[in-house]
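Please read the structure below before turning to the comments.
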Amino acid sequence: MKKLTFLLLCMVVLGTTLSASNPKKPAKASSHKPDTRADFTVTLSKGSNVSGIWVIEFSNSSGTYQFQFNNNSVTIPSGTYQVGIHPTGGASSNYTIAGSVCTYNYNVYGTSAYFTGVPCTCGSGGFSVN
Numbered sequence: 569m570k571k572l573t574f575l576l577l578c579m580v581v582l583g584t585t586l587s588a589s590n591p592k593k594p595a596k597a598s599s600h601k602p603d604t605r606a607d608f609t610v611t612l613s614k615g616s617n618v619s620g621i622w623v624i625e626f627s628n629s630s631g632t633y634q635f636q637f638n639n640n641s642v643t644i645p646s647g648t649y650q651v652g653i654h655p656t657g658g659a660s661s662n663y664t665i666a667g668s669v670c671t672y673n674y675n676v677y678g679t680s681a682y683f684t685g686v687p688c689t690c691g692s693g694g695f696s697v698n
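For the sequence shown, this note's numbering assigns the number 569 to the initial residue and increments by one for each residue that follows.
Following this line, the structure appears as structure tokens:
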């Protein structure tokens, strides 16, 4: 019993010594700035006659964002992107692949599309495969 009491006493003294020699520092005020980037909403439309699974990729120096065309809307950070649209299984039938972003219109007839310098900076736009 004395050994147990001695061991317990040593642990209490050691714990007190450690906490006294290493006091907790007060928290610093955060210098984190809020994210002021605007978001860009993209409406994706896939015609009922379009077969297979299609994806759209937005790429720039900040990263790549990939989404499936499911007649939905997606949100990406505002910026200028390279935009690729293609079926996931490779070549497909030819379709009209179009986009309307800010004041620019894009239009290709084929199995895929690649648009460069797309300014996704005005709040919203859309792409379609028909």
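Glycine residues also receive a C-beta, built at the ideal position from the N, C-alpha and C atoms.
Asked, Found
"Range covered by the beta strand (DSSP E) that runs through Phe-608", "607-614"
"Residues near Lys-596 in its chain [Cβ-Cβ closer than 6 angstroms; skip 5 each side]", "Low confidence applies to Lys-596: its pLDDT is 47, below 50, so where it sits in the model is not reliable, and the reading given next is rough at best. Correct list: empty, nothing qualifies."
"Distance between Ile-665 and Val-676 (C-alpha atoms, nearest Å)", "5 angstroms"
"Straight-line Cα distance separating Ser-629 from Leu-612", "23 angstroms"
"Extent of the continuous beta strand (DSSP E) to which Ile-665 belongs", "663-669"
"Sheet register partners of Thr-785 (DSSP bridge)", "Not covered by the structure: residue 785. The range shown for the chain is 569 to 698."
"CA-to-CA distance, Thr-689 to Gly-647, given in whole angstroms", "6 angstroms"
"Span separating the alpha-carbon of Gly-615 from that of Asn-639", "9 angstroms"
"Simplified DSSP state of Asn-638, which is helix, strand or coil", "coil"
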